[in-house]
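Q: Start counting the sequence shown at 3; every next residue gets the next number (the working numbering).
Virtual Cβ for every residue (Gly too), placed ideally from N, Cα, C.
One structure coming up, written as structure tokens, with questions to follow.
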Amino acid sequence: MELDEMKLLWQQYDNNIQKNNSLNNMIVKKLLQQNSKDIVGKMTGFEYLNISVGGIFTLLILLSGPTFLKLPGVDMPLTSCYIIAALAALCALSLNFYMINFLNHTDLSKPVTEALPRIDKLRQLTVKGKLMNVILLPIIIVTAVAVGRKWVYDENIFQTMTFWGPALIIGVVLGLIATIFLYRTLYTNRIKTIRMNLEEIEQFKQG
Numbered sequence: 003m004e005l006d007e008m009k010l011l012w013q014q015y016d017n018n019i020q021k022n023n024s025l026n027n028m029i030v031k032k033l034l035q036q037n038s039k040d041i042v043g044k045m046t047g048f049e050y051l052n053i054s055v056g057g058i059f060t061l062l063i064l065l066s067g068p069t070f071l072k073l074p075g076v077d078m079p080l081t082s083c084y085i086i087a088a089l090a091a092l093c094a095l096s097l098n099f100y101m102i103n104f105l106n107h108t109d110l111s112k113p114v115t116e117a118l119p120r121i122d123k124l125r126q127l128t129v130k131g132k133l134m135n136v137i138l139l140p141i142i143i144v145t146a147v148a149v150g151r152k153w154v155y156d157e158n159i160f161q162t163m164t165f166w167g168p169a170l171i172i173g174v175v176l177g178l179i180a181t182i183f184l185y186r187t188l189y190t191n192r193i194k195t196i197r198m199n200l201e202e203i204e205q206f207k208q209g
């Protein structure tokens, strides 16, 4: 085989390798992007679940209103619990709606330089959301139990705090543990994965 023919074959082989590498890089980038989109989709689905549960809870709270707002004979501690529970539930729903809107407008097909700041903002938002939920959860648990027991069983839990005090404390502690665990599993870890995917895509681009 002539030297020129060997050079030509080698050049063709080298071109094929480059094309294959480019194709492989493109496939990997698409897979990383799709994985990130799937993660965002799962977070959005969880927020929709939160809205469904929170919406039912808020509706029940509002339906119990006549029990606590009727005049005369308003019980101020229980009426205060009703108002606080309703406001806390509405605040939690507002946060869910904001999160869904934010996630729906998170486009990971954009360049990495645009997507990364969006993901960093999402991380900051989830930190604030976790803090807000940690603050709201004890309030919602205590007030919701007080409202629910009065509405369904006509029982004032503040008159039997020897039982309800420890029960509420246990409920709040378990609720806080569950909230922190869910945020870590559903948001913190997943956002880290998205960020790693975007950084890997950027490395492919630079390579």
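(1) Hey, would you say LEU170 sits closer than 8 Å to ILE141, going by beta carbons?
(2) Three or more C-beta pairs closer than 8 Å, one from the region 50-59 and one from the region 94-108: is that the case here?
(3) Could you tell me the boundaries of the alpha helix (DSSP H) in which ILE179 lies?
(4) Would DSSP call VAL76 helix, strand or coil?
(5) Below 8 Å between beta carbons: does that hold for ILE193 and THR145?
(6) Can you tell me whether VAL42 is buried or exposed, with buried defined as 16 or more other CB within 10 angstroms of its CB?
(7) Starting from THR116, follow the alpha helix (DSSP H) in both directions and report where the run begins and ends.
(8) On a CA-only basis, which of SER82, GLY47, GLU49 is nearest ILE63? Give me that one, please.
(9) Return the first residue and the last residue of the alpha helix (DSSP H) that THR69 is part of.
(10) Under a Cβ-count criterion, where at least 16 other Cβ atoms within 10 Å of its own Cβ denotes burial, should LEU133 be classed as buried or exposed?
(11) Between the C-alpha atoms of ASN199 and SER38, what's the straight-line distance to the nearest angstrom?
(12) Find the nearest neighbour of GLY67 within the set ILE86, ILE53, GLU49, judged by alpha-carbon distance.
(13) CB-CB under 8 Å to LEU178, same chain, minus the five flanking residues each way: which ones, in chain order?
(14) In or out: VAL149 buried (at least 16 other Cβ within 10 Å) or exposed?
(15) Considering only residues of the same chain and omitting the five flanking positions on each side of TRP166, which have a CB-CB separation below 6 Å?
(16) So, with DSSP's three-state summary, where would you put ASP40?
(17) Report the rounded CA-to-CA distance for SER111 versus LEU34, giving the unit in angstroms.
A: Result, derived from the coordinates:
(1) no
(2) yes
(3) 163-185
(4) coil
(5) no
(6) buried
(7) With the sequence shown as reference, residue 116 is identified as Glu, and Thr is not the correct amino acid for it. Run containing GLU116: 114-155, per the alpha helix (DSSP H) assignment.
(8) SER82
(9) 67-71
(10) exposed
(11) 7 Å
(12) ILE86
(13) VAL136, LEU139, PRO140
(14) buried
(15) ILE159
(16) helix
(17) 11 Å
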